[in-house]
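Colleague: Below: one structure in structure tokens.
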Ligand code: ADP
């Protein structure tokens, strides 16, 4: 699959998932807010009805007649209630008196039932379609055929007279229309719905932007990987092509003299060795960059390391007519590390310093320390590195002068390996360089205290 399409698809998927997850979180919190608002409105409503019912109940109970259906007495007590089966007075002053302070008093209705559940009286503003039979459940939500809803509270009325042979006189019902409540709930739903849609739009846009940001390092890493594969293939191809050409010449030119053949063998050996070195370096770099492998460490004495390497490179330096010197303190400096990797790190730096220093120059190796740090410095008076090239030289296969570097046997991986080793040892690698003046590479490693001799 086209890699750009793959990245685009991943970006879309990432943005989609982000939108889905954020949308889920938003809808959950929106729903929680919605529920709490609606519930508190409902509770306020129920409390209001209950308190009206309470005051009505308390004022009615002492005045209740003995009989369950004394139409005449009831009319006297509640002149503004309509009695079942009789004409109605349309001014509900009774409910108004008991709902002082409530903004819309006409929305409440009152009904009286006898203990058998027969409707005795009702306020004239009650909806005509309300069921005439008693449902004695304390709270009821009634939905009429036209869709209008009512919340109704039922409480038992006890007669003050001892003449009744049953415990209750009847029932008092207070109800109110839920039109205002439903309208308010609708309004909240709309506000939340519109806000959710806007928020989701913003989340989707920011998700797209964020997924773009998240993809950038992956895309860069992918491109670097591609570049690395291309570079590695190129580096492997050159010695391989030269090796094959030499072998083919030997095979197809049987007339070549023994002397000629003997001369070609070192070329084959050199190219083979170059290939083998390159592959070894690539494998080392791969293992260094794979953090999954634990680093087996032990205390390493840097004084010994510097002395050994100075001795090892002396011959090379003499051959290149470069003075190689080292400055090592008397105090033994230890770091926790992988000894052969540390040797590889410093030898890469020394090899470069000798290689890129013209004859007559000098390379100084020094070991310095502070309480917590050990500093290995490799300083040369060589060709130096231009400031604009300094940030690239630690990249794999980067060479300032490819031809020169190849001729000296460099793979272009030396500094990349050095940097990877330093990072594995929790250290840092610094470069100071000036063109034609020389370079100073400083390896900074965490120092450990150790009293044993190196
Ligand atoms: P190589 O194997 O080509 O030496 P390195 O990764 O070791 O690869 O170095 C990368 C490049 O950095 C080299 O090609 C060289 O141009 C430059 N370089 C490294 N060390 C020095 C130095 N001490 N002085 C000048 N240039 C250097």
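Residue numbers (my numbering): 1 to 454. C-beta: ideal position from N, C-alpha, C; glycine also.
#1: Is the closest heavy atom of ligand 2 to the C-beta of residue 244 under 7 Å?
#2: How far does the alpha helix (DSSP H) with residue 114 in it extend, from its first residue to its last?
#3: Got a sec, what are the start and stop residues for the beta strand (DSSP E) residue 246 sits in?
#4: Following a CB-centred definition, is residue 353 positioned closer than 7 Å to any heavy atom of ligand 1?
#5: Please name the residue in 339, 59 and 388 whose C-alpha comes closest to that of residue 159.
#6: Taking residue 201 as the reference, which of 288, 15, 372 and 303 has the closest Cα?
#7: By Cβ distance, which residues of its chain are closer than 6 Å to residue 380, with the 5 residues on each side in sequence left out?
#8: Does the stretch 304-313 come within contact of the stretch 419-426, defined as at least 3 CB pairs closer than 8 Å?
#9: DSSP three-state call for residue 393: helix, strand or coil?
#10: Using beta-carbon positions only, say whether residue 414 and residue 396 come within less than 8 Å of one another.
#11: Can you find the residues in the same chain that come closer than 6 Å, C-beta to C-beta, to residue 274, ignoring five residues on each side of it along the sequence?
#12: Taking buried to mean at least 16 other C-beta atoms within 10 Å of its own C-beta, is residue 377 buried or exposed?
#13: Can you determine whether any heavy atom of ligand 1 sits closer than 7 Å to the C-beta of residue 279, and answer yes or no?
#14: Alpha carbon to alpha carbon, what distance is there between residue 50 and residue 100?
#15: Which one or two residues does DSSP pair with residue 363 in a beta bridge?
#16: Within the same chain, show all residues whose beta-carbon is closer than 6 Å to that of residue 428, passing over the 5 residues directly before and after it, in chain order.
#17: For residue 113, which residues of its own chain have a beta-carbon under 6 Å away from its beta-carbon, when the five flanking residues on both sides are left out?
#18: Mapping DSSP to helix, strand and coil, what is residue 337?
#19: Any idea which residues DSSP pairs residue 149 with across the strands?
#20: Take the Cβ of residue 154 as the centre, count every other Cβ of all protein chains shown within 10 Å, and call the residue buried at 16 or more, exposed below.
#21: Ordered along the chain, which non-local residues of its own chain (more than five positions away) have a Cβ less than 6 Å from that of residue 339?
#22: Whole angstroms are fine: how far does the CA of residue 20 sit from the CA of residue 215?
#23: Going by the beta-carbon positions, is the gap between residue 321 and residue 347 smaller than 8 Å?
#24: Assuming contact is defined by CB atoms lying nearer than 8 Å, are residue 361 and residue 435 in contact in what I supplied?
#25: Do residue 345 and residue 310 have their beta-carbon atoms positioned less than 8 Å apart in this structure?
#26: Would you say the beta carbon of residue 416 comes nearer than 7 Å to a heavy atom of ligand 1?
#27: Can the beta-carbon of residue 121 be found less than 8 Å from the beta-carbon of residue 82?
#28: Is the closest heavy atom of ligand 1 to the C-beta of residue 382 under 7 Å?
#29: In whole angstroms, give me the CA-to-CA distance for residue 393 and residue 400.
Modeller: The structure says:
#1: As for ligand 2, it is missing from this structure, which binds only ligand 1.
#2: Here residue 114 belongs to no alpha helix (DSSP H); instead the beta strand (DSSP E) covers 108-114.
#3: First-last for residue 246: 179-252, but that is the alpha helix (DSSP H), not the beta strand (DSSP E).
#4: yes
#5: 59
#6: With distances taken between Cα atoms, residue 201 lies closest to 15.
#7: 353, 357, 363, 438 and 439
#8: no
#9: coil
#10: no
#11: 239
#12: buried
#13: It does not: the Cβ of residue 279 is nowhere closer than 7 Å to a heavy atom of ligand 1.
#14: The predicted model places residue 100 with a pLDDT of 46, which falls under 50 and marks its position as unreliable; any figure quoted below should be read in that light. Distance between the alpha carbons of residue 100 and residue 50: 14 Å.
#15: 324 and 380
#16: 444
#17: Hits under 6 Å: 119, 134, 170 and 171.
#18: strand
#19: 143
#20: buried
#21: 300
#22: 19 Å
#23: no
#24: Against a cut-off of 8 Å, the Cβ pair of residue 435 and residue 361 comes out as no contact.
#25: no
#26: yes
#27: yes
#28: yes
#29: 7 Å
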